[in-house]
Amino acid sequence: MTEFTLHDKDTAPAESKDLLDSSIKAFGMVPNLHAVMAEAPGLLEGYQQLHQLFLDSSFDDEETTVVWQTINVEHACHYCVPAHTGIAKSMKVDDAITDALRDETPLPTEKLEALRTFTLSVVRNRGNVDDSAVQAFLDAGYTKRQILEVILGAAQKVMSNYTNHIANTPVDKPFQKFEWHKAD
236 MTEFTLHDKD TAPAESKDLL DSSIKAFGMV PNLHAVMAEA PGLLEGYQQL HQLFLDSSFD
296 DEETTVVWQT INVEHACHYC VPAHTGIAKS MKVDDAITDA LRDETPLPTE KLEALRTFTL
356 SVVRNRGNVD DSAVQAFLDA GYTKRQILEV ILGAAQKVMS NYTNHIANTP VDKPFQKFEW
416 HKAD
């Protein structure tokens with residue numbers, strides 16, 4: 236297995252040093268995902284920008300969590316599921332939502348379940364979502380803007396989930412207590 240460096244400001248390429256400062260400012264540390272991504276400054280910068288753009292989307296914190304964790308669980312990301320469990324807690328998202336996402340059980344509201352279903356349709360079908368899935372999403376109270384924002388969230392999660400699979404990124408200490416494995 237190829238080992239990837241967990242970069243810090245001393246070992247990172249010059250173009251990544253300011254990006255790692257941004258990580259410290261945002262998270263109080265350099266998350267291991269960012270430490271791995273620092274090897275490719277463009278990847279880290281793109282990921283950070285998409286992260287902020289998705290946080291600034293029209294979704295509320297619960298909906299943001301649903302999109303992120305739905306994709307993390309679907310991709311069986313050993314790193315992102317625990318990390319986003321901790322992030323959801325910091326965002327004050329109800330544990331019932333987080334547990335349902337992690338366990339792939341029904342969400343507490345039909346609207347959130349419609350968001351998970353649509354997100355899964357986007358991911359599983361690589362964007363080739365049929366009209367009935369789009370209409371069901373709209374009928375649940377979401378908008379055309381939010382259809383496109385699910386794609387934004389998916390783009391962000393592809394970057395992190397795929398990086399973590401290839402690099403076998405170690406889960407950060409604060410998130411290890413939220414360890415997760417996809418059910419068989």
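Residue numbers (this note's numbering): 236 to 419. C-beta: ideal position from N, C-alpha, C; glycine also.
Alpha helix (DSSP H) segment containing residue i, residue limits
i, result
"Trp415", "Run containing Trp415: none; DSSP gives neither H nor E here."
"Met394", "379–402"
"Ser251", "249–262"
"Asp407", "Note, Asp407: premise wrong, no alpha helix (DSSP H); not H, not E."
"Cys315", "315–325"
Residue nearest to residue i in terms of C-alpha spacing, selected from the options
i, options, result
"Phe372", "Leu355, Leu387, Arg359, Gly388", "Leu355"
"Glu309", "Thr340, Asp329, Tyr282", "Thr340"
"Gln391", "Asp419, Val328, Asp256, Val358", "Val358"
"Gln381", "Asp407, Arg351, His400", "Arg351"
"Cys312", "Ala273, Ser293, Pro343, Leu268", "Leu268"
"Ala349", "Ala375, Val265, Leu285", "Ala375"
Any chain D beta carbon closer than 7 Å to residue i
i, result
"His313", "The structure shown contains no chain D; it is built from a single protein chain."
Residue i (DSSP reduced to helix, strand or coil)
i, result
"His269", "helix"
"Asp374", "helix"
"Leu336", "helix"
"Arg359", "helix"
"Pro276", "helix"
"Ser292", "coil"
"Thr344", "coil"
"Phe239", "coil"
"Asp329", "coil"
"Val301", "helix"
"Ala311", "coil"
(message) Would the segment 258–277 count as touching the segment 288–297 if we require 3 or more Cβ pairs under 8 Å?
(response) no
(message) Quick check: the segment 398–415 against the segment 379–386, are at least 3 beta-carbon pairs closer than 8 Å?
(response) no
(request) Give a yes or no on contact between the segment 390–400 and the segment 242–250, applying the rule of three or more CB pairs nearer than 8 Å. (result) no
(message) Check whether the segment 326–342 and the segment 296–313 touch, using three or more Cβ-Cβ pairs below 8 Å as the test.
(response) Segments in contact, yes.
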